[in-house]
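Colleague:
Residue numbers (our numbering): 186 to 356.
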């Protein structure tokens, strides 16, 4: 009887499946209880090319803002896109490059912001991004810069996520 109970209990437990945190089957590596844990997951997702963890870092109303450097001189303009465009671009990045490193990752506090009736927390991150595509047409690309991240807590699951990311590195 003891052996049968042990087999039954062991067959219901999977030590390789972490518990689900948040909605659905998304499994962030750190509970997103504050903006710093979201940034931890964000960095992990980039360096491990994990689109599931990355997606869970983004709010449903997420926007990304950058300055389009493909334009020249005075024609450089601010460009913004939403969550679905960002997810597509990021998944393409993860598929294209074999290694992605955020070697310099210095997080600085910024003042909280009130948007409507919501409180958004903010962080400024100084980063050094290195990406390698060993077998493809790109061998090594690097970028240094600053990014501003704005976070809000989801009413659905009480987890913090990035609602707005502003890339200030090419300005």
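Just so you know, even glycine gets a beta-carbon here, dropped at the ideal spot from N, CA and C.
Below 8 Å, can you find three or more Cβ-Cβ pairs linking the segment 313-332 to the segment 212-221?
Modeller: Cβ pair count under 8 Å is below three, so no.
Colleague: Which two residues bound the contiguous beta strand (DSSP E) that contains residue 308?
Modeller: 303-317
Colleague: Taking only the alpha-carbon atoms, compute the straight-line gap between residue 223 and residue 353 and give it to the nearest angstrom.
Modeller: The C-alpha of residue 353 is placed about 19 Å away from the C-alpha of residue 223.
Colleague: Can you give me the Cβ contacts of residue 347 inside the same chain, cut-off strictly under 8 Å, excluding the 5 residues immediately before and after it?
Modeller: 223, 227, 242, 243, 244, 247, 334, 335 and 336
Colleague: Would DSSP call residue 215 helix, strand or coil?
Modeller: coil
Colleague: Taking DSSP's pairing of strands, which residues face residue 243 in a bridge?
Modeller: 347
Colleague: Let me make sure I understand the geometry here. Which of 306, 284 and 237 has the alpha-carbon closest to that of residue 315?
Modeller: 284
Colleague: Looking only at C-alpha atoms, which of 309, 303, 288 and 294 sits nearest to residue 229?
Modeller: 288
Colleague: Take residue 238 and list the residues in its own chain whose beta-carbon comes closer than 7 Å to its own, dropping the five residues that flank it on each side.
Modeller: Once the five neighbours on either side are set aside, the close Cβ partners of residue 238 are 213, 214, 226, 229 and 230.
Colleague: Thinking C-beta only, is residue 297 closer than 7 Å to residue 306?
Modeller: yes
Colleague: Between residue 236 and residue 276, is the Cβ-Cβ spacing less than 7 Å?
Modeller: yes
Colleague: Taking all protein chains shown into account, decide if residue 294 is buried (16 or more other Cβ within 10 angstroms of its Cβ) or exposed.
Modeller: exposed
Colleague: Quick one: is residue 300 buried, meaning 16 or more other Cβ sit within 10 Å of its Cβ, or exposed?
Modeller: exposed
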